[in-house]
Amino acid sequence: MAASTTQTLAAGAPARRNITGSLIGIAAIIVIGIIGYYLFPNNLALLTRIIATALLVLSIDLVTGYCGVATLGHAALFGAGAYAAGIASAHYGISDPLLMTLVGALAGAVAGLVSGLIILRAHGLPQLVLSIAVIHLFHEAANKASSWTGGSDGLSGIAPTALLGLFEFDLWGRTAYIYGLALLLIVFVLLQLLVRSPFGMLARGVREDPLRISAMGASVQSVLLRMYVISGVVAGIGGALSAMSTQVVGLDSLSFTLSAESLVMLVLGGTGSLYGALVGTVSFMWFEDVVSAANPFHWLTMVGALLIAVVLFAPRGLYGTAAALVQRLKGGRA
Amino acid sequence: MQTVFSIAVDALAYGMVLFVISIGLSVTMGLMRVVNLAHGAFAMIGGYVASYAARDLGLGYAAAVLLAVAGTVLIAIPIERLLYRRVYGAPELTQVLMTIGITFCIIGIANFVFGPTLKTIPLPDTLRGSVDLGFRSIATHRIFAIICGLVVAAALWFLIEKTAFGIKLRAAVDNAAMAAALGVRTEIVYAVSFAVAIGLAALGGVVGAELLPVEPYYALRYMVTFLVVVSVGGAGSIPGALLACLLLGAIDTTGRYLAPEYGEFFFYLAVIVIVILFPRGLAGRFK
């Protein structure tokens, strides 16, 4: 909640400071992206996977962090984008990367609309259960429709053509990584604008006090549903990116585990802030890569301990805690 | 006819096992308002302890069950003291994260201690065979599971409706602050019901080991099922939970028999329909 206070303070500050802040953030993403490119030239596939997951986590942040809807089924939107992009390429020969991304975004939006319509029917625990049921339903449906999705073998035969007719998707994943970074930047800038728009404010209002928002004359349900569709677009783009970079789509992209893990990443970074989503994704997936190489079960214990620690000691997440600290230091100086 | 009969028996047994495990979750959720995703993990601990006691220590089935229940409660008490206590009254998301964290830890530790293999709990001879009803025979173990479920339901009904403790419990569920003001020591009520809930989970884990096999991912695999049962039944309601278990057990078992290639598709479809039709559960008290 305190993260939201920081946010509100920032929103109340002069507009110029906002723009400077955004520019610094964007510059930071570019710099970190370039450093990653030169530091891990043999591990670009992992970095691309991190970017795709970051899009999913950003998408969860829109509904959980900004609207207060707790969901454990958000991978449905990501998986819908991944499968749609994959099927477009493998069955219909639509292999232009930009078109595939568009198809993924559209499919994500549709999945967002469908799951939003279901999940937003309830509140609290029933809502959580509905979101879990939705992800399992998507999973079983994809498993059953194996002539389309490849079932448990995964969907293969995805072959994106050269990006803009110039850049081939090479074995090292350079094109995929740079394309992913560009997508992330565009999405991030648009989302920055979105969360500061009147609509973004309304969404935050819904999280704080839905009753008051409806008393003001706005429709809570429609705000939430629109946000769900937008978050579907974001997650769908992430799914399409992962389909293009790995050239295979598995059932794990529609799994409960992915939903839960991405929620964990969001909370680790800090809900209600776009930077928090990015920080959480990068630190979680880097940590996972290091630890799970040693032993997958120790990995699970570590994630559990990490979660407990975050809940107990840093409920605002890494970014939220750091931001609050900076704020306090600034306050001390003034 | 044969199929209908075996579906009915399996559905009833499965539903009863679900009931024994998830009724504790339902009570704690109704009482303490904690979304406890780690409940399945305690059932799993019960299964592991019983398996260890029966196979490695060579104890009898009854002793293994008792040891499992007692052991799981002993393990759960410090966890409740140190971790759960801090998230009472916290937002749902916080509770979900904390309890998923606990689940992950328990899975990791169980796998480290007991290994990734499936654990069996050897049944005594009396439960092993099948009972001939004249026209059909039923596996004795299924009957045992069904009886366990009925006994638990009856005992809980008696405890909650007919005893002084039950009155305090119901008062605390309805309005904890008012109950405390009237002299009910809600702390003790909470602790006792938590222990009973965990004990029942362990009992269900052991009795249901034939239907829900004990392995490290047990906690994650059935976590959703237990949560769904509570949500469908309505947190804090025994008849609701019983009804939900029988209904969901029947849907799941029928789906498995008649359309196995669809997996759990129909189960989750039914869950969505029920939750949308009854957002407060079939007999819910949850706000």
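Chains A and B are the protein sequences, given in the same order. For the first sequence, counting from 1, position 112 maps to 112 in the working numbering; every step adds exactly one. For the second sequence, counting from 1, position 40 maps to 1040 in the working numbering; every step adds exactly one. By construction, the Cβ of each residue, glycine as well, lies at the ideal position given by its N, Cα and C atoms.
Same chain, Cβ closer than 7 angstroms to Tyr343 of chain A, five either side skipped, listed in chain order: An answer regarding residue 343 of chain A cannot be provided, because it is not within the stretch 1 to 334 covered by chain A.
Length of the line joining the Cα atoms of Arg1280 of chain B and Gly124 of chain A: 10 angstroms
Identity of the residues DSSP links to Phe352 of chain A by a beta bridge: Outside the shown range of chain A, which is 1 to 334, sits residue 352 of chain A, and nothing can be said about it.
Cutoff 8 angstroms: Leu307 of chain A Cβ touching any chain B Cβ: yes
Leu1118 of chain B in three-state terms, based on DSSP: coil
Within 8 angstroms, strictly: CB atoms of Leu1203 of chain B and Val1069 of chain B: yes
is_contact[Thr1140 of chain B, chain E] using C-beta, thresh 8 angstroms: Included in the structure are the protein chains A and B, with no chain E among them.
Any 3 or more C-beta pairs closer than 8 angstroms across the segment 73-85 of chain A and the segment 251-266 of chain A: yes
Within chain A, partners of Tyr1262 of chain B - CB distance below 7 angstroms: Glu140 and Lys144
Cβ contact check for the segment 202-209 of chain A and the segment 45-57 of chain A: 3 or more pairs under 8 angstroms: no
Of the residues A:Ala27, A:Pro160, A:Arg328 and A:Val291, the one placed nearest Ile87 of chain A, counting alpha carbons only: A:Pro160
Beta carbon of Ala243 of chain A nearer than 8 angstroms to that of His74 of chain A: no
C-alpha distance - Leu1269 of chain B paired with His139 of chain A, whole-angstrom precision: 12 angstroms
Three-state class that DSSP yields for Leu1242 of chain B in the structure shown: helix
Given 8 angstroms, three or more beta-carbon pairs between the segment 53-61 of chain A and the segment 218-229 of chain A: no
Other residues of its chain near Thr1103 of chain B: CB distance less than 7 angstroms, five sequence neighbours each side excluded: Leu1037, Ala1038, Ala1041, Ala1219, Leu1220 and Met1223
Classification of Thr1163 of chain B by the beta-carbon crowding that lies within 10 angstroms, buried from 16 upward: exposed
Near the ligand GTP: Leu1211 of chain B beta-carbon under 7 angstroms from a heavy atom: Only the bare structure without any ligand can be found here, which leaves the ligand GTP out of the picture.
Span separating the alpha-carbon of Arg49 of chain A from that of Asp289 of chain A: 11 angstroms
Beta carbon proximity, Ile60 of chain A to chain B, threshold 8 angstroms: no
Any C-beta of chain A under 8 angstroms from that of Val1027 of chain B: no
Host beta strand (DSSP E) of Val1131 of chain B (start-end): Ser1130 to Asp1132
Pairwise C-alpha distance: Arg1256 of chain B and Ser147 of chain A: 22 angstroms
Proximity below 8 angstroms, CB of Ile29 of chain A to CB of Phe188 of chain A: yes
Presumed contact (8 angstroms Cβ cut-off) between Ile1107 of chain B and Pro1216 of chain B, rounded CB distance: 5 angstroms
Whole-number beta carbon distance between Leu113 of chain A and Val229 of chain A, since they are thought to touch under 8 angstroms: 5 angstroms
Neighbour flag for Pro315 of chain A against chain B, beta carbons, 8 angstroms: yes
Same chain only: Cβ atoms within 6 angstroms of Ala1013 of chain B, ignoring 5 sequence neighbours per side: Arg1142, Ala1145 and Ile1146
Alpha-carbon to alpha-carbon, Val1034 of chain B and Arg1170 of chain B: 16 angstroms
Against chain A: residues of the segment 1235-1257 of chain B by CB proximity under 8 angstroms: Ala1235
Opposing strand residues paired with Val249 of chain A [DSSP bridges]: A:Leu155
Chain B contact for Ala80 of chain A (CB, 8 angstroms cutoff): no
Residue from B:Leu1067, B:Ala1043 and B:Ala1153 with nearest C-alpha to Ala1054 of chain B: B:Leu1067
For Ile1138 of chain B, the three-state DSSP class (helix, strand or coil): strand
Per-residue contacts from Ala1146 of chain B into chain A (C-beta, under 9 angstroms): First, the amino acid is wrong: residue 1146 of chain B is Ile here, not Ala. The contacting residues do not exist; Ile1146 of chain B stays about 26 angstroms from chain A at best.
Cut-off 8 angstroms between Cβ atoms - residues of its own chain near Tyr66 of chain A, not counting five sequence neighbours on either side: Val195, Gly200, Ala203, Arg204, Arg207, Met227 and Gly272
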